[in-house]
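Inspection log for the structure reproduced underneath, given as C-alpha cells.
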Amino acid sequence: MPVPNEPAAGIHSAEPTAAQPHPAGTHPAGPTAAGTAAEPADPIDLAGLFGRSAPVVLEIGSGMGDATAAMAAADPERNYLAVEVHTPGIANLLAVIERRGLHNVRVADGDALVLLRRMIPPGALAAINVFFPDPWPKARHHKRRLIQPAHVALLRDRLAPGGRLNCATDLPDYAYAMRQTLDADPELGNAYPGFAPRPPERPVTKFERRAAAAGRPIFDLVYERTASGWRA
Numbered sequence: 190m191p192v193p194n195e196p197a198a199g200i201h202s203a204e205p206t207a208a209q210p211h212p213a214g215t216h217p218a219g220p221t222a223a224g225t226a227a228e229p230a231d232p233i234d235l236a237g238l239f240g241r242s243a244p245v246v247l248e249i250g251s252g253m254g255d256a257t258a259a260m261a262a263a264d265p266e267r268n269y270l271a272v273e274v275h276t277p278g279i280a281n282l283l284a285v286i287e288r289r290g291l292h293n294v295r296v297a298d299g300d301a302l303v304l305l306r307r308m309i310p311p312g313a314l315a316a317i318n319v320f321f322p323d324p325w326p327k328a329r330h331h332k333r334r335l336i337q338p339a340h341v342a343l344l345r346d347r348l349a350p351g352g353r354l355n356c357a358t359d360l361p362d363y364a365y366a367m368r369q370t371l372d373a374d375p376e377l378g379n380a381y382p383g384f385a386p387r388p389p390e391r392p393v394t395k396f397e398r399r400a401a402a403a404g405r406p407i408f409d410l411v412y413e414r415t416a417s418g419w420r421a
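Numbering follows the numbering used here, in which position 197 of the sequence shown is assigned residue number 386; successive positions increment by one, without gaps.
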C-alpha cells in the first residue's frame, strides 16, 4: 500500500541557485516496495542535474563527505551523487564542495532507498558505493541493514550493465552476510574470487581508521551487473 507521508529526497549543489530541493512527487511507494525495481515515480534528469552527460556514481551514506569529495576531485570525468540523512554531514559536504570548487558533486538529503526507488531511472548508474554502512550488529536489527535480499534487486536494477556495486565494512558478520546475499543475485557477478583487494581510489574514512586502530580487518566487495536480464 502506498504511504503518502514518504518524502522524496532533496538534491543540492554548492551553488545557491541550484540548492533548492528537487520537486517531490505525489505517488510515493510504501516500505513493502523497497526491494522492487519498478519505474521511478519522479525520475531525475541526471544530465540536467549535473549540467553534463557523464557516468554517475551514487555514494550511499556519505557521512561528513570528505571521502566523497576526495573521490570526486580525483575522478573529474564522472558525476557523484551523495545521499545522506544527517544534516551536519550534508552541510559539511556542501561546504567542502564550494571550498574546493567541485562541479561534479550533488548531495541528496534523505533515505537512499527512497531516492533509488522514486527518482533514479533503471540502468542510470555507473557505480554504487556503500562504504561502512550502519552494521546494525544486534540480530533483531539485521532487517534494517542496507545490503539484504529485499534491497539488492533495487540496487542492481539502477546499475547499468557492467556497473559496479562497491561495498566495504569492518564487521566480519556483515561482510560474509553481504557476500552471501550478493552472490545469490543471478544478475550480479563477483569481480574477485571472494573479497576484493582494497581499492586504491577509496579514501581512508574515519571508520576505517577506527577499525585499523582497533586491529579489525576491512572487507571489500566489488560486484558487477551482468548483461543477462537487462532490458533497455
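Each residue gets a CB set at the ideal place from its N, CA and C atoms; glycine is no exception.
Residue i (DSSP reduced to helix, strand or coil)
i: residue 241; result: coil
i: residue 406; result: coil
i: residue 259; result: helix
i: residue 397; result: helix
i: residue 348; result: strand
i: residue 300; result: coil
i: residue 309; result: coil
i: residue 391; result: coil
i: residue 288; result: helix
i: residue 353; result: strand
i: residue 367; result: helix
i: residue 229; result: coil
i: residue 373; result: coil
i: residue 132; result: Outside the displayed span of the chain (190 to 421) sits residue 132, for which this structure offers no information.
Alpha carbon of residue i to alpha carbon of residue j, nearest angstrom
i: residue 277; j: residue 265; result: 25 Å
i: residue 283; j: residue 249; result: 16 Å
i: residue 413; j: residue 236; result: 23 Å
i: residue 294; j: residue 364; result: 28 Å
i: residue 232; j: residue 310; result: 6 Å
i: residue 269; j: residue 256; result: 12 Å
i: residue 349; j: residue 228; result: 15 Å
i: residue 401; j: residue 395; result: 10 Å
i: residue 242; j: residue 403; result: 42 Å
i: residue 393; j: residue 381; result: 21 Å
i: residue 297; j: residue 347; result: 16 Å
i: residue 361; j: residue 323; result: 13 Å
i: residue 374; j: residue 234; result: 28 Å
i: residue 353; j: residue 345; result: 9 Å
Counterpart residues of residue i in DSSP-defined beta bridges
i: residue 378; result: 413
i: residue 248; result: 271, 318
i: residue 358; result: 408
i: residue 385; result: 409
i: residue 279; result: Beta-bridge pairing links residue 279 to no other residue.
i: residue 294; result: 269
i: residue 200; result: 297
8 Å CB neighbourhood of residue i in its chain, flanking five on each side removed
i: residue 388; result: 355, 409, 411
i: residue 372; result: 379
i: residue 397; result: 321, 357, 359, 407
i: residue 429; result: The chain is shown from 190 up to 421; residue 429 falls before or after that span and cannot be answered.
i: residue 370; result: 336, 337, 338, 341
i: residue 383; result: 368
Other residues of its chain near residue i: CB distance less than 7 Å, five sequence neighbours each side excluded
i: residue 254; result: 271, 278, 281, 282, 285
i: residue 385; result: 409, 410, 411
i: residue 351; result: 413, 414
i: residue 238; result: 200, 295
i: residue 399; result: none
Own chain partners of residue i with C-beta closer than 6 Å, once the 5 adjacent residues on each side are dropped
i: residue 244; result: 267, 315
i: residue 415; result: 376, 378
i: residue 312; result: 349
i: residue 405; result: 359
i: residue 183; result: Residue 183 lies beyond the range of the chain shown here (190 to 421); nothing can be said about it.
i: residue 240; result: none
i: residue 275; result: none
Counting pairs of Cβ atoms below 8 Å between the segment 247-267 and the segment 285-301, do you hit three or more? Yes, the segment 247-267 touches the segment 285-301.
May I ask you to verify whether the segment 238-254 touches the segment 311-326, counting CB pairs closer than 8 Å and requiring at least 3? The segment 238-254 vs the segment 311-326: in contact.
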